[in-house]
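For the sequence shown, the positions run 1 to 515 when full-length UniProt numbering is used.
All residues carry an ideal CB built from backbone N, CA and C; glycine is no exception.
All remarks here apply to the structure that follows.
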Amino acid sequence: MINPAFSFNDLTEGDVSRVAQEVAFLVQTGDTLALEGDLGAGKSTFARALIRAISGNPSLEIPSPTFTLVQAYETPRFDIAHFDLYRLSDASEIDELGLDAALTRGIAVIEWPSKGDDRIPRERFTIRFDETGAPDRRNVSIGTPADFVARIERFAAIRDFLARAGWGEASTAFSYLQGDASPRRYARLQKADGTRAILMDSPQRPDGPPIRDGKSYSAIAHLAESVRAFVAIGGALGANGLSVPRILAEDLAQGLLIIEDFGDEVFGAEVARGRDQAELWKRGVATLIAVQSVPPPPRIVLSDGSTFALPEADDGVLEIETQLLLDWYWPALHGTPAPQSARDAFTALWKSTFERLLGQPKTWLLRDFHSPNLIALDNRPSPRDVGIIDFQDAMIGPAAYDLVSLLEDARVDVPENLEKQLLDHYVAVNASRNPAFDEPEFRFSYAALGAQRNTKILGIFARLAMRDGKRQYLAHMPRIWGYLERDLQHEALAGLRAWYDANLPRSLRAEALKI
């Protein structure tokens, strides 16, 4: 049964477009949006605004599918199929238009859904447009089945938050920002006067089923389960003079923030546009040195009076992350689960490595200090000329982790000579500042944490492809293997290198995964 869960009255055309932009933030692969209403009621206006918002291209040409019956769009987020069934003579004709296939790859936006009868999925968002007494005004309602109520409630919470924060006007553009592998969602807000900010939607994450010692994966891996971590850690880093997004409005209970917009000069995108990678990465290293120059606080007080404590990296975190290789990459490569003998040898080799790693001096470990999360701020002095985002999973741990995250970037090739140059620079700076700095032990830590991180990433990218249908991450696998092979050359990792060569030999590393 479809329930009228949300209604809007007396909307202008601009209001209708703004609602479409907000709905674009809500939808996900497999969704059907059934647009109901008379001719000229606003269905096409809504559909065009929705498709442009999802694509991230506000000037995208959206031709009417009146005569073609369906228009398809590929976007970085998912595919969109825009149907107009007005000219359908029989509901059975929809079978030839590829609706079922469209829903496996993305979403379907359907005008005149009544023409499709029972061939339109029952589980859908029904969006109805009705005329009012004024020719340029419409009433709009969004109906959902019971299973979708939580999503429409989230939609309502976001609208209420934006209104309370002063960002709810129809003249404020609302555009989805293409995310990465994160469960969080982001949108850029831009007022008519050009003022910009970012909406961060990070609802409390359920703990998940217990997988070991009564704990969930996120608990063992010390992953942030609420927006409190972002607010607390950002506050501490900002107090140390680093460039992190200012919090402009917050609702900690709902997991909603409006934060400063650092712009689009993301490191990875800047390199793709031809910018000097060495200059950017050197700035990143300088910023990391500044981050690590101030010890992390034991506890951080939030605005509501609660406190947040940074977790410490431990063998549980490191082990469960490396196990992702066996749980996801191995079966995707071999087509069968990893045998227990291979698991036991793998676990034992890593255990001794972790024991040595966890004896290293500890500092800030931001965890995702790499190109998607670093933004060039050319109008600020060093080290504030790098904006840092996506740090909510930070811990206290070995200093080498964040350096290897940057110098062995998963999404951008870092030439081996540049990696060596910046590693040597980091070592020289720290050795000059700290007489107790142990260079050989640090270089071991760098190689071992690089191997650990790249092992984890192979597993994560396989999981994203197998479980979530995000096959685009498979393109990065050769780069990750290249880094991992570099890391395993360290003499202290000879046993691990032998395990990888025996169980995941070079001859298989370039093969397509069985997904």
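In this structure, DSSP gives residue 94 a helical state, which the three-state scheme calls helix. Between residue 140 and residue 11, the beta carbon gap of about 6 Å places them in contact (Cβ cut-off 8 Å). Going by DSSP, residue 44 is part of the alpha helix (DSSP H) stretching over 43-55. In this structure residue 36 is not in contact with residue 145, their Cβ atoms being roughly 15 Å apart against a cut-off of 8 Å.
Each residue's CA atom was taken as its position, placing residue 105 and residue 311 some 38 Å apart. The DSSP-derived three-state label of residue 73 is strand.
Contact annotation: residue 357 and residue 449 have beta-carbon atoms nearer than 8 Å. If you look at residue 483, you'll find it in the alpha helix (DSSP H) that goes 477-487. A Cβ-Cβ contact shorter than 8 Å links residue 377 with residue 384. Taken atom to atom, the span from the alpha-carbon of residue 30 to that of residue 442 is near 48 Å.
The beta-bridge partner set that DSSP reports for residue 190 consists of 173 and 196.
Judged by DSSP in its simplified three-state form, residue 374 adopts strand. Taking a contact as a CB-CB distance under 8 Å, the pair residue 242 and residue 290 counts as one, their CB atoms being some 7 Å apart. Taking C-beta atoms under 8 Å as the contact rule, residue 158 and residue 248 fail to qualify, at a distance of about 15 Å.
Secondary structure note for residue 352: its alpha helix (DSSP H) is the uninterrupted segment 340-357. For the 8 Å CB-CB criterion, residue 330 and residue 466 do not form a contact. For residue 146, there is no enclosing alpha helix (DSSP H), since its DSSP letter is neither H nor E. Distance check between residue 171 and each of 225, 16 and 434 places 16 closest, using alpha-carbon atoms only. When the Cα atoms are used, residue 119 and residue 395 turn out to be separated by approximately 50 Å.
Residue 86 sits exposed, since fewer than 16 C-beta atoms from the chains shown fall within 10 Å of its C-beta.
For residue 128, there is no enclosing alpha helix (DSSP H); the enclosing beta strand (DSSP E) covers residues 125-131. By the C-beta criterion, the stretch 152-166 is judged not to be in contact with the stretch 60-67, since fewer than 3 inter-stretch pairs fall below 8 Å. Under the three-state reduction of DSSP, residue 87 is assigned to coil, being neither helix nor strand. Classified as exposed, residue 147 has fewer than 16 neighbouring CB atoms from the shown chains inside 10 Å of its CB. Around the beta carbon of residue 201, 16 or more other beta carbons sit within 10 angstroms, so the residue counts as buried. Within the same chain, and ignoring the five residues on either side of residue 412 in sequence, the residues whose Cβ sits closer than 7 Å to its Cβ are 268, 271 and 371.
Within its own chain, the residues whose Cβ lies closer than 6 Å to the Cβ of residue 203, once the five positions on either side in sequence are excluded, are 255, listed in chain order.
Look at residue 363 here: in three-state DSSP terms it is strand.
If one requires a minimum length of 3 residues, the beta strand (DSSP E) runs lying completely within the stretch 214-288 are 247-251 and 256-259, in chain order. Residue pairing of residue 398 in beta bridges, as defined by DSSP: 362. In this chain, the beta strand (DSSP E) harbouring residue 111 covers 106-111. By the Cβ neighbour-count rule, residue 455 is buried, with 16 or more other Cβ atoms within 10 Å of its own.
Taking a 10 Å sphere around the C-beta of residue 420, we find fewer than 16 other C-beta atoms and assign the residue as exposed. Check the Cα spacing between residue 49 and each of 507, 22, 458 and 481: the tightest is with 22. Here DSSP, grouped into helix, strand and coil, assigns residue 291 to helix.
Less than 8 Å divides the Cβ of residue 110 from the Cβ of residue 83.
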